[in-house]
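Student:
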Amino acid sequence: MRIFLTKSVLFLLFLTLLSCEGKKTQPESKPAYKAGVILSFDDAYVDEWSEADQVLRKYSWKATFNVCRIDSIGAPEIKTLLEMQKYGHEIAGHGYHHYNAVKFTKKYSVKEYLKQEIDPMIVSMKKKGFNVTSFAYPYGERSDSLDQALSPLFKIIRGRAFGGEAPEKQDSYFNNSKIVFAFDIDNSHIHFSIPYVLELLDYAKRNNKILLLCGHKPVKEITENYQVKIETLEFICKYMKLNDLKFYKLSDLDNLVPPKL
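Numbering (mature numbering (1 follows the signal peptide of the UniProt record, and there is no 0)), first residue to last: -19 to -1, 1 to 242.
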């Protein structure tokens, strides 16, 4: 009887192992990365960026601040940017003079654009303690020839997604490329609205996407163009925390871009 029971137990164990093996043949596909958002800000609104940072740190947020006209920024503002970088934000490039890259290269050349707008920016920002690996085009305008010229200098290059298409047709999600596009959340942007941003966030959450957003000057109340309400930023951060979305910086995408064969 004892031998019979032992054999029965062994037989049941054998069937269980076979069942487990069958399940292993159809593993669940894991996403390549966690769903999240990149909040990026352009120009040189350092004081306003710092004010927004103090409000949003309770969400453990991280953002990318694309700085232009670095040599026109005062010492107190440079100190603030360095403190923000130390906290974990990214300080990236946005041009030495903030020239429109497409218009400039049509009038002169890509080579001249690099000479006047990119090279001095990199040198000056490095001297001030900023190791720039990402770049955002001023006005969001770009071209293939500019992308090609800038690619050896930056790991991630950001343009802007100008349309208000349905989320599945939006260009403002990470596309496994070093050339990426962000949706503008300034109140003056023709396609901006909280319900539409909510659609974009929901799509990112459901489809495990990284949504790229950009703005300029964070303010409590809108008084002019190129301003984004701190209330909007807090809405986004709250949504992210409630839905377990990750805060990414532009530079984080470099580790996610598939290597070229």
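Note that CB positions come from ideal geometry on N, CA and C, so glycine has one too. As the structure is a prediction and not an experimental result, all values here were calculated from the model.
#1: Label T(-4) either buried or exposed according to how many other C-beta atoms from any shown protein chain fall within 10 Å of its C-beta, with 16 as the threshold for buried.
#2: Going by beta carbon distance, what residues of the same chain come within less than 6 angstroms of L20, once the five residues before and after it are set aside?
#3: For T204, does the count of other Cβ atoms within 10 angstroms reach 16, so buried, or fall short, so exposed?
#4: Considering only the alpha carbon of each residue, which of L95, P101 and Y40 lies closest to R50?
#5: Mind listing, in chain order, the continuous beta strand (DSSP E) runs of no fewer than 3 residues lying wholly within the region 165 to 202?
#6: What number of angstroms, rounded off, separates the C-alpha of K201 from the C-alpha of C218?
#7: State the beta-bridge partners of F116 as determined by DSSP.
#8: Might you give, ordered along the chain, the residues of its own chain that have their beta carbon closer than 8 angstroms to the beta carbon of G3, omitting 5 neighbours on each side?
#9: So for K227, helix, strand or coil by DSSP?
#10: Who pairs with I19 in a beta bridge, going by DSSP?
#11: Restricting to Cα atoms, I'd like to know which of Y207, I171, Y26 and F143 is closest to residue 247.
#12: In angstroms with no decimal places, state the Cα-to-Cα distance between Y229 and T86.
#13: Between R139 and V113, is the Cβ-Cβ spacing less than 7 angstroms?
#14: Just to confirm before moving on: does the CB-CB distance between S105 and D52 stay below 7 angstroms?
#15: Using a beta-carbon distance below 7 angstroms, is C218 in contact with chain C?
#16: Please list, in chain order, all residues of the same chain as Y40 whose beta carbon is under 6 angstroms from its beta carbon, the five residues on each side excluded.
#17: How would you call Y118, buried or exposed, if buried means at least 16 neighbouring beta carbons within 10 angstroms?
#18: Using alpha carbons as the reference points, say which of G110, A147 and I103 lies closest to L134.
#19: Taking A13 as the reference, give the member of E212, I191 and M65 with the closest Cα.
Tutor: Once the coordinates are examined:
#1: Taking the first residue of the sequence shown as position 1, residue -4 is located at position 16. Only weak support exists for where T(-4) lies, its pLDDT of 40 falling under 50; the value from the coordinates is given anyway. The residue is exposed, with fewer than 16 neighbouring Cβ atoms inside 10 Å.
#2: In the sequence shown, counting from the first residue as 1, residue 20 sits at position 39. Here the set comprises A44 and L194.
#3: Sequence index remark: in the sequence shown, residue 204 carries index 223 (1-based). With fewer than 16 other Cβ atoms within 10 Å, it is exposed.
#4: For this step, residue 50 is matched to residue 69 along the sequence shown. Closest option to R50, Cα to Cα, is P101.
#5: 191 to 196 and 198 to 200
#6: The count along the sequence shown starts at 1 and reaches residue 201 at position 220. The count along the sequence shown starts at 1 and reaches residue 218 at position 237. Looking at the two C-alpha atoms, the distance is approximately 16 angstroms.
#7: Locating residue 116 in the sequence shown gives position 135, counting from the first residue. DSSP lists G74 and I138 as partners of F116.
#8: Stepping through the sequence shown from its first residue, residue 3 is reached at position 22. Residue placement at G3 is flagged as unreliable, the pLDDT there being 42, under the threshold of 50; a coordinate-derived value is accordingly withheld.
#9: The sequence position of residue 227 within the sequence shown is 246, counting from 1. Note: K227 maps to strand in three-state DSSP.
#10: Position 38 of the sequence shown, counted from the first residue, corresponds to residue 19. In the DSSP output, where bridge partners are listed per residue, I19 has L193 and Y229.
#11: Since the displayed the chain opens at -19 and closes at 242, residue 247 lies outside it and no answer follows.
#12: On the sequence shown, position 248 is the one that residue 229 refers to. On the sequence shown, position 105 is the one that residue 86 refers to. Answer to the nearest angstrom: the Cα atoms are 31 angstroms apart.
#13: Translated into the one-based positions of the sequence shown, residue 139 becomes position 158. Translated into the one-based positions of the sequence shown, residue 113 becomes position 132. In this structure, V113 does not lie closer than 7 angstroms to R139 by Cβ.
#14: Start at 1 with the first residue of the sequence shown, and residue 105 comes out as number 124. Start at 1 with the first residue of the sequence shown, and residue 52 comes out as number 71. In this structure, D52 lies closer than 7 angstroms to S105 by Cβ.
#15: Among the chains of the structure shown, chain C does not appear; only one protein chain is present.
#16: Working through the sequence shown from its first residue, we reach residue 40 at position 59. Excluding positions up to five away in sequence, the list reads C218 and K222.
#17: On the sequence shown, position 137 is the one that residue 118 refers to. Per the 10 Å Cβ criterion, buried.
#18: Reading the sequence shown from its first residue, position 153 is the one you call residue 134. Of G110, A147 and I103, the residue nearest in Cα terms is I103.
#19: Looking up residue 13 in the sequence shown gives position 32. The option with the nearest alpha carbon to A13 is I191.
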